[in-house]
Structures are given as C-alpha cells and as structure tokens.
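These protein sequence lines map, in sequence, to chains S and L.
Position one of the first sequence corresponds to residue 1 (the numbering used here), numbered consecutively onward.
Position one of the second sequence corresponds to residue 297 (the numbering used here), numbered consecutively onward.
Every residue gets a Cβ at the ideal spot worked out from N, C-alpha and C, and that includes glycine.
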Amino acid sequence: MSTMASPLDGGGRLRRRRAVNRVMEALATLAAFAAVGVLVIMVISVAKRGGGSLTLDFFTKLPHPFSFTPVPSGLANAFVGTFVIVGVATAIALPIGVLTAIYLNEFAPRRVAFLVALALDVLNGVPAIVVGIFVFALVVTGRGQSGLAASFALSILMIPLIARATQEILALVPQSTREASLALGVSRWRTVVSIVLPQTVGGIITGTTLAVARVSGETAPLLFTSSLVGDKLHFDPRQALATVPLKIFEYSESPDPADHRQAWAAALVLIGFVLVASIVARAFAARSRRKLGIRR
Amino acid sequence: MVEYATRDVEQDEARESAGEQAAGADGARSSSPPALDPAQLGAAAPAAPPAESRETVFDVRDLTARYGPTPAIDGVSMEIHKNLVTAVIGPSGCGKSTFIRCLNRMNDLIPGFTAEGEVLYHGVDLQSATVDPVAVRRRIGMVFQRPNPFPKSIYDNIAFGLRVLGMKDSLDDRVEHALKRAALWDEVSHRLRTSALSLSGGQQQRLCIARAIAVEPDVVLLDEPASALDPIATSSIEDLMHELKRDYTFVIVTHNMQQAARVADMTAFFSLSQPDERGDRSGVLVEYDATQKIFTSPAEQRTEDYVTGRFG
Numbered sequence: 001m002s003t004m005a006s007p008l009d010g011g012g013r014l015r016r017r018r019a020v021n022r023v024m025e026a027l028a029t030l031a032a033f034a035a036v037g038v039l040v041i042m043v044i045s046v047a048k049r050g051g052g053s054l055t056l057d058f059f060t061k062l063p064h065p066f067s068f069t070p071v072p073s074g075l076a077n078a079f080v081g082t083f084v085i086v087g088v089a090t091a092i093a094l095p096i097g098v099l100t101a102i103y104l105n106e107f108a109p110r111r112v113a114f115l116v117a118l119a120l121d122v123l124n125g126v127p128a129i130v131v132g133i134f135v136f137a138l139v140v141t142g143r144g145q146s147g148l149a150a151s152f153a154l155s156i157l158m159i160p161l162i163a164r165a166t167q168e169i170l171a172l173v174p175q176s177t178r179e180a181s182l183a184l185g186v187s188r189w190r191t192v193v194s195i196v197l198p199q200t201v202g203g204i205i206t207g208t209t210l211a212v213a214r215v216s217g218e219t220a221p222l223l224f225t226s227s228l229v230g231d232k233l234h235f236d237p238r239q240a241l242a243t244v245p246l247k248i249f250e251y252s253e254s255p256d257p258a259d260h261r262q263a264w265a266a267a268l269v270l271i272g273f274v275l276v277a278s279i280v281a282r283a284f285a286a287r288s289r290r291k292l293g294i295r296r
Numbered sequence: 297m298v299e300y301a302t303r304d305v306e307q308d309e310a311r312e313s314a315g316e317q318a319a320g321a322d323g324a325r326s327s328s329p330p331a332l333d334p335a336q337l338g339a340a341a342p343a344a345p346p347a348e349s350r351e352t353v354f355d356v357r358d359l360t361a362r363y364g365p366t367p368a369i370d371g372v373s374m375e376i377h378k379n380l381v382t383a384v385i386g387p388s389g390c391g392k393s394t395f396i397r398c399l400n401r402m403n404d405l406i407p408g409f410t411a412e413g414e415v416l417y418h419g420v421d422l423q424s425a426t427v428d429p430v431a432v433r434r435r436i437g438m439v440f441q442r443p444n445p446f447p448k449s450i451y452d453n454i455a456f457g458l459r460v461l462g463m464k465d466s467l468d469d470r471v472e473h474a475l476k477r478a479a480l481w482d483e484v485s486h487r488l489r490t491s492a493l494s495l496s497g498g499q500q501q502r503l504c505i506a507r508a509i510a511v512e513p514d515v516v517l518l519d520e521p522a523s524a525l526d527p528i529a530t531s532s533i534e535d536l537m538h539e540l541k542r543d544y545t546f547v548i549v550t551h552n553m554q555q556a557a558r559v560a561d562m563t564a565f566f567s568l569s570q571p572d573e574r575g576d577r578s579g580v581l582v583e584y585d586a587t588q589k590i591f592t593s594p595a596e597q598r599t600e601d602y603v604t605g606r607f608g
C-alpha cells in the first residue's frame, strides 16, 4: 500500500512537529536529570572526602586545641551550638510564622492579606548576609555576640518559610468545616484552634522541618552573631556558640589536612541532615494531604 | 422520587451561575403532570392559615443583598413564625441560599457581601453592627447542603459545640439525646469513637442535624439539606423535621417542591426579577403563604407556573 493512501499522513509538516516534540521532550528530560545529577555528584564527592572521618568521636569529642596532632578529635561543640541556636530560632519562628499564616488565611481582609503575603515573599528573598548585618547592628553592637543573637537572625529567615507553608495548608482546609463550627455559635479563633489547626498539623510540621533544614546550614548571619568562639563545650545561648557551618568555613582555611577532612565530614553531616529532613517533611505533607482527603 | 435524586446531582453546578438555564431544565423535566397530590398536603399543613396566631421569630423587612456589585436578593419582606417549618422554594440562582444565610449572618464570611433592610429576630435587627454574629449563630443554627461533619469522632462532633459553649454537664447524656432526636443513635451507639467521616452521606447529614440541635438553638436553618442524599435518607430527614418542630423553628431551602409540600407549613416562593438597566437579575419574593395555598391555589401566576412545572 502506498503512503499517499494513508488518511493519517500529514506530510512534512506533521513530521516536523513530531521532531520538535521529540527534541523538546529530550531537552526537558536532560535538564531534570542534570538537576538530580548535580545532587548525586555533590553527595558522592562530599561523602568520599568526609566519610572516613565520620566516627563516633567526631560527634562526641571536642576539637583538639593544637593542629597537627594525631589525637582523635571531633566537633561536639559545633553540633551542640547549631542544635541550640536552631532550636531557639525555631521556638521563636514557629509561633510567629503560624500566627502570621492564621492571620493571612483566616482573618485578614483580602487586600491586607495580599500585602502581608508580599512582604513575606520579600523577606524570604532577603539575602542572609543582610539579615546578619541587620541583627549585628540591632543586637550585637554594644552587647557582643551570643547564641541568642544568632537565633534571632535565623528566626527572621525561618518566619516567611513557616508562614507560607502553613498558609498553603490552611487554604486547603475545606470552608465547609469552618462554616459548620461557626454555625454552632463558635468564635472564629476557637474554630481555628479546634477545627482548622488539627487538620493542618502535618503541613505545619512539613514547613517547619524544611525551614530548620534550610537555616541549619546558614553561615552568613552567624559570622556576625556567633563566630568568636573557643573550643569549649557549653549550652548557654547567652554566649557565642560554635556552629557547624562556621566550623566548615574555619577548617577549610586551615593548613592542616586533618582539619580539611573534618570540614568535609561536617559538610556530609549537614547534607545528610537536609536529606533526612526533606524526606521527613514529605512524609508529613503526605499524611496531612491524606487527612484532608486530597489525593495526589 | 427517583427523578428528584438524579436532578440534585446536577444542581450543584447549576446553582448560582446558570440560574436561568437550570430553571428551564427543571421545568422541562418535570413537565409531566406534577407529582403533587393535594391530599398529601393535608398531612403537613394544617387547614387553617397556621401562622396568624404564632409568635414571630423573624420579621424580615425590605432585605436587599449584594455580592460586590452583583445583586442577589431585592426587597424581600416576610415573617417567619415559631414552631413552624417554613420552606423557601424557587429556581436556581434566585437567592434562596443568600436569604437563609442572612438569617444567621453566615454571609459575613463572604468578601464583598453587603445587605440593606432589616432582619428582626424577636425584634432585634441582626444586621446591626452592635450584634455579635457569634451570639446570633448561637441561637440560630444551620445545616448545610453538603454534610460537613468535623474530621473527628462521632461523639466529638456533637460534644465539640457543647464543650465550647459551656454545656459540659452530663455531656454523654446530651450527646445521646441529640443523636436519638436525630434518629441516628441506634446506628452509631456502638461506635461513637469512630470517625464521623466513616458514616454514609445520609448518616452524616443526620449527624449534622444532631450537632445543630445538641446546642439547643431556637431556630435551625437548613440549606437544601437533602440535596446530596438519596430518597430514603431524604425521607428520614423530613420525618425528623416533623418530629422536631414542636421544639424548634425550621427554615428550609429546597429545590424540591414535593419536599416543601411534605414538610412545610408555610412556603415562600422566590424567583428572578426582570433584568434591571445593567442586565442584572436579582431574587425576589413572589409569594408567601400557607403551603397548601401555594400549591393548590396560589395568588400569583408565576407561582402557579412554577409549582405545576410550567415555569419558564
């Protein structure tokens, strides 16, 4: 049978469209795999350089005060410092972020909500170093560095992340359950607390986890607020605390190759933490969507 | 009855937006002799005009409501009486839901909504700025078109309102009583702690009625409460209203004329006005009278056309 006879033969034009489609599909696929590839290559190279130093001592021992000594040492103080600073930052940012989201979604008039949402997005885009220098001028000058100042700086970075994530999940709560509660003569705030928020816990945890993962590796704000530290272990946020990102920065400039290995190991821990946090966040997001009856 | 069930699936989409078309479709489909048996009316509506001697709960005076610039209802005046079931019927998009939601300030939640005129509830204007909508809704409960139980247990669905409103004494008894009155107790008494979302649609709607009456309101508003339900669930809810109207005042919006005829003492017929100079049409109250009168000898031609299925 001849090709001319086929009713589906669109001629050259159809062939060209098919070719364009193939090329674009291939390009898009390539781009997606490149993004994944970058992550994989980064994780592998960091793991190769830092994996060997990842011992129990690394987490439990303090840095040795003198370089070029074979004594096994760790970054216990930096892990503790990051944990305390991020913990306090979360304690500040979580209630403010959630309340902001509640205001945005439940109470604000539409125009005000638009402005607040815009402000949050701008805040989210402010470079971390700007936040750092702002907190330096506001808090550190005259009082000196402290873990609290660092927490304050990080909480500024966390608030827009938590608020926007919470607002997104609040918007998914069906209006009908709000109406059901209001029609009983329940106030709006009580409706939010007892009916709306319980349906959004998963989403709030997701947003908070991602925010924690994001700021755990922030370095710039810490330079201004919690960088002048010794190698002693302490938990007091009123003093400057050692942190993992700054240790990576410090050790990468050290002449001692052992320090370089420590820096790589710390970087590996950070990547691992972000990875785990993202997976946990996904799990909570999925759970929350299930609860709201949304299938994906 | 079967036709009614299928019609209700469609009416959701048709609502508000395509009022005219939907009304036309309704009319076309029920152009066969209307399934209205005048004898059936006797059961629901007392022979004498039932309203005269009753206490007035709502006195609506010249109520006009808009969503932004779009008019929804225009100049509605009517009195709603105690311990009666008052039905609001009419084609899609004629402002029935808007009207009923004015009776407990539910429209406050909708951005751009404005209302003029008075809605006097026992003499107090509900629209007044000094009136707290929470206090209004405390006295005037509502059951919605779609069953909307809280994502909580059956027990907590009822107990939530009681707890918040401070009716915490003998909570278990109150929950049981409400579920019994809503004719749901026998079906759920053995699984009060399971999620309310596991119930069937009809059970969920009865749970919503139980939830509304548990807090002992004066008035229960029902916004097409049976439109998402099958005929059996529908009839159980209608029975419920007969049973409960001794203690409550009901206002029910319904698309379904047979339902209005079965349950209502008084019936208000809403329809769409002629287009104004901007081409907008708004809902108006055409006729309001005893149900029997509306369905057997209405004063207005438009009412007769609608209840006999000739509406166009």
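- Sixteen is the threshold: when 16 or more other Cβ atoms of the shown chains lie within 10 Å of the Cβ of L:Arg-470, as they do, the residue is buried.
- In this structure S:Trp-189 is exposed. Its beta-carbon is surrounded by fewer than 16 other beta-carbon atoms within 10 angstroms.
- Setting aside the 5 residues that flank it on each side, L:Arg-357 is surrounded in the same chain by Ser-373, Gly-413, Glu-414, each with a C-beta closer than 6 angstroms to its C-beta; the list follows chain order.
- For the segment 160-184 of chain S, the residues whose beta carbon sits under 9 angstroms from a beta carbon of chain L are, in order, Pro-174, Gln-175, Ser-176, Thr-177, Arg-178, Glu-179, Ala-180, Ser-181, Leu-182, Ala-183, Leu-184.
- Out of S:His-64, S:Gly-147, S:Pro-7, S:Val-20, the CA that lies nearest to the CA of S:Asp-236 is found in S:Gly-147.
- Three or more beta-carbon pairs drawn from the segment 560-573 of chain L and the segment 376-385 of chain L are found closer than 8 angstroms, and the two stretches are therefore classed as touching.
- In the same chain as L:Gly-371, and ignoring 5 residues on each side of it, the C-beta atoms closer than 7 angstroms to its own belong to Asp-358, Thr-360, Val-580, in chain order.
- Between the C-alpha atoms of S:Ile-204 and S:Phe-59 there is a straight-line separation of about 30 angstroms.
- Collapsing the DSSP output to three states places L:Ser-496 in coil.
- The CB of S:Ile-195 comes closer than 9 angstroms to the CB of Phe-446, Pro-447, Lys-448, Phe-456 in chain L, given here in chain order.
- Between the alpha carbons of S:Ala-149 and S:Val-130 lies a gap of roughly 14 angstroms.
- Contact check for S:Leu-99 against S:Ala-76 fails: the beta carbons are separated by 8 angstroms or more.
- Annotation: S:Lys-232 has no Cβ neighbours in chain L at a cutoff of 7 angstroms; minimum Cβ distance is about 50 angstroms.
- Nearest to L:Arg-542 by alpha-carbon distance, out of L:Glu-583, L:Thr-490, L:Val-515, is L:Val-515.
- Burial is judged here by how many other beta carbons sit within 10 angstroms of a residue's own beta carbon; S:Glu-179 has at least 16 and is buried.
- When the alpha-carbon of S:Val-244 is set against those of S:Arg-238, S:Phe-273, S:Ala-128, the nearest one is in S:Phe-273.
- In this structure, the straight-line span from the alpha carbon of L:Glu-596 to that of L:Leu-422 is close to 30 angstroms.
- Bridge pairing for L:Glu-412: L:Thr-360 [DSSP].
- Exposed is the label assigned to L:Thr-410, since fewer than 16 other Cβ atoms lie within 10 Å of its Cβ.
- For L:Tyr-602, the enclosing alpha helix (DSSP H) begins and ends at 597-603.
- Inter-residue distance for S:Val-196 and S:Arg-287 is about 16 angstroms (C-alpha atoms, whole angstroms).
- If only complete runs of 4 or more residues are kept, the segment 525-582 of chain L shows the alpha helix (DSSP H) at 527-540, 553-559, in order along the chain.
- Straight-line spacing of the CA atoms in L:Asp-519 and L:Ile-590 works out to 20 angstroms.
- Remark: C-beta atoms of L:Ile-505 and L:Ala-529 do not approach each other more closely than 8 angstroms.
- As computed with DSSP, L:Ala-383 is found in a beta bridge with L:Ile-548, L:Thr-563.
- At least 8 angstroms separates the CB of S:Ser-73 from every CB of chain L.
- If you look at L:Pro-447, you'll find it isn't in any alpha helix (DSSP H); DSSP assigns it neither H nor E.
- Between the beta-carbon of S:Gly-97 and that of S:Leu-241 there is about 23 angstroms, and that puts the pair past the 8 angstroms contact cut.
- Of the residues assessed, L:Gln-588 falls on the buried side of the cut-off, its CB having 16 or more other CB atoms within 10 angstroms.
- Not one beta carbon of chain S lies nearer than 8 angstroms to the beta carbon of L:Gly-498.
- For L:Val-460, a Cβ of chain S is located within less than 8 angstroms of the residue's own Cβ.
- Using a CB distance below 8 angstroms, no part of the segment 469-488 of chain L faces chain S.
- Between S:Ala-128 and S:Ala-220, the C-beta spacing is below 8 angstroms.
- Interface annotation, L:Pro-407: in contact with chain S, CB-CB separation under 8 angstroms.
- Under the three-state reduction of DSSP, L:Ile-376 is assigned to strand.
- The CB of S:Arg-110 comes closer than 8 angstroms to the CB of Pro-407 in chain L, given here in chain order.
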